[in-house]
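What follows is a single structure, written as structure tokens, with notes after it.
Residue numbers (the numbering used here): 15 to 384.
Rendered as structure tokens:
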């Protein structure tokens with residue numbers, strides 16, 4: 015966003031601040047769960063932290079309207095479809111001749127109405143009431159709503175009444191200045207981990223819980239090894255002591271502690287395959303940008319994340335996942351998928367490419383207002 019005055023407005027709560035294991039895992043990286051409110055200039059933007067407050071169904075923050083009046087923005091962009099501050103921001107834009115844009119990062123795997131099985135009252139709420147209210151809101155207040163995935167795009171349309179003229183698919187991006195191929199750094203990390211050139215390094219990064227289900231990957235590694243695949247599984251992240259013991263107790267599997275994102279690139283470069291067994295993760299894009307092929311669930315609707323640079327398996331089926339690992343034991347296939355992933359991340363998913371498309375939308379909306 016060089017050449018533009020950018021303000022990042024958020025709460026004084028750190029990411030995962032309400033996680034039960036925040037103090038054990040995240041505090042050493044992020045500091046206390048709640049930090050001081052501030053206006054803090056950075057190189058290309060100003061960070062504004064406002065006091066967090068709890069609503070019945072979501073967190074928000076206080077003093078947003080007063081802060082927007084002080085900033086006097088031309089564009090306001092939000093990112094959480096369900097957050098209460100959307101209404102505050104939209105009303106501000108309506109009465110101050112600014113342009114309001116919103117976003118949706120919700121996907122089917124974490125949005126129960128999209129999976130069906132609702133009671134009568136919930137069906138009425140999500141099939142009739144919410145689309146009606148949402149349609150009024152988005153038609154009258156919002157320039158565009160950016161859905162991060164194709165299932166988020168459908169959630170916008172089906173459950174929040176976002177009109178077609180406002181509903182836009184805009185995939186999440188990757189910092190290609192940080193995540194890029196580096197064979198030398200990857201080889202050094204493999205030596206540090208004690209992995210030989212003849213071994214297949216299979217990597218997972220994220221939380222150790224049933225929602226992400228790294229446990230099916232551990233079982234798949236065990237099965238693949240029994241079938242003669244010389245592979246090892248490495249799991250970077252955090253979870254309960256029971257989850258850590260479970261993963262570490264599987265033959266061929268090693269658990270590594272949570273690391274900062276700035277240190278993840280070398281782990282992805284060291285890996286031959288990166289796997290996310292269930293829910294979507296932006297880490298899929300990070301790994302692909304380093305040239306590592308990925309394996310994801312066949313229920314992931316964001317096909318653009320893995321088509322041409324990875325494989326799918328039957329979700330929660332360790333035998334199917336082991337077969338995918340066997341397929342990717344072919345180094346030529348891994349090279350082809352990895353090169354395609356790197357190219358795709360640069361041209362379609364890089365932060366720079368996404369920012370340029372977004373700036374074009376902002377400029378067109380401002381031109382119409384004037």
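The C-beta atom is built at its ideal place from N, Cα and C for all residues, glycine as well.
Quick caveat, the model's predicted, so the values are computed rather than measured.
Kindly list the residues whose CB is nearer than 8 Å to the CB of residue i, restricted to its own chain and excluding five residues on each side of it in sequence; keep chain order.
{"i": "residue 96", "result": "71, 72, 120"}
{"i": "residue 99", "result": "74, 75, 78, 92"}
{"i": "residue 212", "result": "244"}
{"i": "residue 239", "result": "245, 265, 266"}
{"i": "residue 65", "result": "25, 26, 51, 75, 76, 77"}
{"i": "residue 81", "result": "23, 62, 64"}
{"i": "residue 37", "result": "47"}
{"i": "residue 150", "result": "175"}
{"i": "residue 317", "result": "164"}
Please work out which residues of its chain come closer than 6 Å, Cβ to Cβ, to residue i, disregarding the five sequence neighbours upstream and downstream, and give them in chain order.
{"i": "residue 40", "result": "30"}
{"i": "residue 184", "result": "160"}
{"i": "residue 305", "result": "195, 352, 356"}
{"i": "residue 87", "result": "112"}
{"i": "residue 54", "result": "61"}
{"i": "residue 261", "result": "232, 249, 267, 269"}
{"i": "residue 104", "result": "114, 155"}
{"i": "residue 209", "result": "215"}
{"i": "residue 292", "result": "226, 227, 311"}
{"i": "residue 336", "result": "234, 237, 238"}
Which residue marks the beginning of the alpha helix (DSSP H) containing residue i, and which one marks its end?
{"i": "residue 84", "result": "78-85"}
{"i": "residue 43", "result": "41-44"}
{"i": "residue 293", "result": "No alpha helix (DSSP H) holds residue 293; DSSP gives it neither H nor E."}
{"i": "residue 366", "result": "365-383"}
{"i": "residue 338", "result": "332-341"}
{"i": "residue 351", "result": "345-358"}
{"i": "residue 135", "result": "134-138"}
Ordered along the chain, which non-local residues of its own chain (more than five positions away) have a Cβ less than 7 Å from that of residue i?
{"i": "residue 295", "result": "220"}
{"i": "residue 315", "result": "122, 163, 164, 165"}
{"i": "residue 148", "result": "174, 175, 176"}
{"i": "residue 280", "result": "199, 200, 203"}
{"i": "residue 258", "result": "222, 269"}
{"i": "residue 368", "result": "184, 187"}
{"i": "residue 251", "result": "219, 220, 221, 222, 272"}
Name, in chain order, the residues that DSSP records as bridge partners for residue i.
{"i": "residue 63", "result": "24, 52"}
{"i": "residue 116", "result": "159"}
{"i": "residue 89", "result": "113"}
{"i": "residue 75", "result": "66"}
{"i": "residue 327", "result": "311"}
On the DSSP letters alone, give me the boundaries of the beta strand (DSSP E) that residue i sits inside.
{"i": "residue 311", "result": "308-311"}
Quick one: measure Cβ to Cβ for residue i and residue j, integer angstroms, because I've assumed they're closer than 8 Å.
{"i": "residue 127", "j": "residue 173", "result": "6 Å"}
{"i": "residue 26", "j": "residue 63", "result": "4 Å"}
{"i": "residue 338", "j": "residue 320", "result": "The Cβ separation is near 11 Å, so there is no contact."}
{"i": "residue 322", "j": "residue 358", "result": "7 Å"}
{"i": "residue 157", "j": "residue 114", "result": "6 Å"}
{"i": "residue 286", "j": "residue 205", "result": "Contact doesn't hold; Cβ gap of about 15 Å is too wide."}
{"i": "residue 289", "j": "residue 218", "result": "5 Å"}
**Request:** Could I get the ranges of all uninterrupted beta strand (DSSP E) runs contained in the segment 156-199, with 3 residues as the minimum, in chain order?
**Result:** 159-161, 181-183
**Prompt:** Where are the beta strand (DSSP E) runs, 3 residues long or more, that stay fully inside the segment 263-290, in chain order?
**Reply:** 267-271, 287-290
**Request:** Could you pull out every unbroken alpha helix (DSSP H) segment of at least 4 residues lying fully inside the segment 210-265, listed in chain order?
**Result:** 229-240, 255-262
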